[in-house]
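Asker: Dumping the structure here so I can ask a few things about it.
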Amino acid sequence: MENKNEVYHRLVVDITDWNAFLAGGSAISGIQRVTLNLLRSLAKQGLPFKIIRYDEKTRAHRLVETEFLSQDFSQRRQPSVRGKFPVPSPYAHGMYRHVTSTMRRRASELFKRQYDNPLDCLGPTYRPCDGDVLYLAGAGWDCYPTLNAAESLRRAARIRVVSEIFDLIPLFPDIYHDRRGARQFRRWLRHAVMISDSFICLSKHTRDDFLRNGGKFGLAQDTHAAVVTPAHEFSSDPPFSAQSGEIPRPQRSYVLCVAHVFNHKNARRLIEAWLGLSLIYPLEADLVLAGATPRSEILARYGSVPRLQIIERPSDTFLANLYKNAAFTVFPSLYEGWGMPVGESLWFGTPCLASSAASIPEAGGTMVDYFDPRASGELETLLARALFEPDFVNARRSGIDRTRLKTWDDYAGDIFAAATSAHPSIERSQPSYGRAGDA
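Position one of the sequence shown corresponds to residue 654 (this note's numbering), numbered consecutively onward.
This is the structure in structure tokens:
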């Protein structure tokens, strides 16, 4: 492992977990958005860093040019065949199936060509240098070549391996119901504990969960895990213009929920509360659901919901407009590693009603009204106050202090400092939603 006197000076950020999105040309998800904003801010501040991604054609990690960061990943793009993993992941399906499938695939594809996608911006093969910090910033359980590469790169140079822990949702079967996904996550976590020199956690709650459960995966009791919380800022520098047909200021007042309906994001709880209130009160506001849940699934489950609007996968520009013009937002999640929709709502000065579960209060601090997402009636009571008490929303809006919110530049500086310090001795977070170091 690492030498106490080693000096680390360059951050090498692995984005191999993007392959699943690039291969299908689909928009990236929340974890990848954190990484994207981190990379843009690292570039903006001129900090020494490189981006690498596993390339299936050369079976090596390739450097990614920074021009890659100027693209709009909130929308579909040209698919990248070279990003696709053609064999089952050993984390999800086991090593035997992975090895046998790999052998069959290599035999059948000896003479097939994989074409470049110029949008991939792939450069030469990454060659590690002494003092590099390999930062595994993404959803590692979806990119099995990453930790194997880390082992070989460590043999080639004196590098440090730092793994980001976003959350431990797959360890909790009451909120995560995909048995294969849970097995995949557990195998990855055991591998990450074995190969990583240190860890960075997305919140204090995530850090506590990680240290409490890590012993099952070989984590040493004296392991230090730094805490670096993400930004509240919606984006470091949005380079994209509004698309045609997007209305930045809808005609009616609306309540916004940015969440999946049927998984742990728990937007179904809001729909049920909304239906209950509609039986008692005449609703004058719309409920806008923005996220990845298909409209057909929502309508099949709930039928007609009064004043419901469903927006599938809005672009970043459209989502920013939705945040900015909402009367207030609601985030009813059962578990989060952080709670980005809460912070983003505050960034736009829009009040938020949020779940009190897990790390979400770390994102909102005292500027948010909380409810227990499992308690009967708590959301309904708070929602009714926000909808029908004249001064409730305005009082919350005036209580949002944007100067105390964290930017992506703050986050990038904290990540760089925590990752390149061989023995970080402080928690790099912002107590009570203030900027890092304010406490």
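Virtual Cβ for every residue (Gly too), placed ideally from N, Cα, C.
Please specify which runs of the alpha helix (DSSP H), each continuous and at least 4 residues long, are wholly inside the stretch 701-754, giving them in chain order.
Answerer: Segments of the alpha helix (DSSP H) lying fully in the stretch 701-754: 743-746.
Asker: Quick check for students: name the residue ranges of the alpha helix (DSSP H) that lie wholly in the stretch 1007-1048, counting only runs of 4 or more.
Answerer: 1013-1017 and 1031-1041
Asker: Give the range of the beta strand (DSSP E) segment to which Thr882 is assigned.
Answerer: Here Thr882 belongs to no beta strand (DSSP E), and DSSP marks it neither H nor E.
Asker: Who pairs with Gly944 in a beta bridge, going by DSSP?
Answerer: Bridge partners of Gly944: Glu965.
Asker: My output table needs one value for Pro823: the three-state DSSP class, helix, strand or coil.
Answerer: helix
Asker: If we call anything under 9 angstroms between Cβ atoms a contact, is Leu961 one with Leu942?
Answerer: Contact flag set, yes.
Asker: Note down the Cα distance separating Ser849 from Val814, rounded to an integer number of angstroms.
Answerer: Distance between Ser849 and Val814, taken at the CA atoms: about 5 angstroms.
Asker: So what's Val814 in DSSP terms, helix, strand or just coil?
Answerer: The answer is strand: DSSP assigns Val814 an E or B state.
Asker: I need the boundaries of the alpha helix (DSSP H) containing Tyr1064, first residue and last residue.
Answerer: Trp1061 to Thr1073
Asker: Should Ser998 and Phe984 be called a contact, given that it needs their Cβ atoms to be closer than 9 angstroms?
Answerer: yes
Asker: Is the Cβ-Cβ distance between Ser1012 and Asp820 less than 9 angstroms?
Answerer: Against a cut-off of 9 angstroms, the Cβ pair of Asp820 and Ser1012 comes out as a contact.
Asker: Under three-state DSSP, which class holds Ile848?
Answerer: helix
Asker: Candidates Gly793, Pro798, Arg840 and Val786: which alpha carbon is nearest Gln685's?
Answerer: Gly793
Asker: To the nearest angstrom, report how far apart Phe623 and Glu817 are at their CA atoms.
Answerer: Here the chain has residues from 654 to 1092 only, and residue 623 is not among them.
Asker: Got a sec? Which residues, its chain only, sit under 7 angstroms from Asp862 by beta carbon, not counting five neighbours each side?
Answerer: Leu821
Asker: Quick check on Ala803: buried or exposed, where buried means 16 or more other Cβ atoms within 10 Å of its Cβ?
Answerer: buried
Asker: Less than 8 angstroms between C-beta atoms, sequence neighbours within five positions excluded: which residues of the same chain meet that for Glu1015?
Answerer: Answer for Glu1015: Ser856, Lys857, His858, Thr882, Trp991, Gly992, Ser1082 and Tyr1086, listed in chain order.
Asker: Going straight from the alpha carbon of Pro1026 to that of Tyr976, what length do you get?
Answerer: 22 angstroms
Asker: Could you tell me if Val911 is buried or exposed, where buried requires 16 or more neighbouring beta carbons within 10 angstroms of its beta carbon?
Answerer: buried
Asker: Identify every residue that forms a DSSP beta bridge with Ile951.
Answerer: Beta-bridge analysis with DSSP links Ile951 to no other residue.
Asker: Kindly indicate which residue of Gly683, Pro798, Pro935 and Glu989 has the alpha-carbon position closest to the one of Arg715.
Answerer: Pro798
Asker: Going by alpha carbons, who is nearest to Gly1018 out of Arg966, Gly677 and Arg1057?
Answerer: Arg1057
Asker: State the CB to CB distance for the pair Arg712 and Ser679, rounded to an integer number of angstroms; the pair is presumed to be in contact (CB under 8 angstroms).
Answerer: Not quite, the Cβ-Cβ distance comes to about 24 angstroms (not below 8 angstroms), so this is no contact.
Asker: Residues in the same chain with beta-carbon distance under 7 angstroms from Tyr955, minus the five sequence neighbours each way, listed in chain order, please.
Answerer: Ile924
Asker: In chain order, what residues of the same chain lie with their CB nearer than 6 angstroms to the CB of Leu936, ignoring the 5 residues before and after it?
Answerer: If we look at Leu936 and ignore the five residues flanking it on each side, its Cβ neighbours are Pro959 and Arg960.
Asker: Closer than 6 angstroms by C-beta to Phe1001: which residues in its own chain qualify, once you throw out the five before and the five after it? Chain order, please.
Answerer: Tyr976 and Lys977
Asker: Could you pull out every residue in the same chain whose Cβ sits closer than 6 angstroms to the Cβ of Asp670, ignoring the five residues on either side in sequence?
Answerer: Gly791, Ala792, Asp795 and Cys796
Asker: Can you check whether the CB of Pro947 is closer than 9 angstroms to the CB of Glu965?
Answerer: Yes.
Asker: Relative to the C-alpha of Ala953, which candidate in Phe971, Asp939, Val914 and Gly929 has its C-alpha closest?
Answerer: Of Phe971, Asp939, Val914 and Gly929, the smallest CA-CA separation from Ala953 is found for Val914.
Asker: By the 10 Å Cβ neighbour count, where 16 or more other Cβ atoms means buried, how is Arg706 classified, buried or exposed?
Answerer: buried
Asker: Check Phe674 in the structure and name its three-state DSSP category.
Answerer: helix
Asker: Give the single residue among Arg1049, Leu722, Asn672 and Leu789 whose Cα lies nearest to the Cα of Pro732.
Answerer: Asn672
Asker: With respect to the beta strand (DSSP E) encompassing Gly784, which residues constitute its N-terminal and C-terminal limits?
Answerer: Gly784 -> no beta strand (DSSP E), and no H or E assigned at all.
Asker: On the CB-based measure, 16 or more other CB atoms within 10 Å of its CB, does Met756 come out buried or exposed?
Answerer: exposed
Asker: Can you give me the Cβ contacts of Glu989 inside the same chain, cut-off strictly under 6 angstroms, excluding the 5 residues immediately before and after it?
Answerer: Ala1011, Ser1012 and Ile1013
Asker: If you reduce the DSSP assignment to three classes, tell me which class Ser889 lands in.
Answerer: With a pLDDT of 43 at Ser889, under the threshold of 50, the modelled position of this residue cannot be trusted, and the question is left open.
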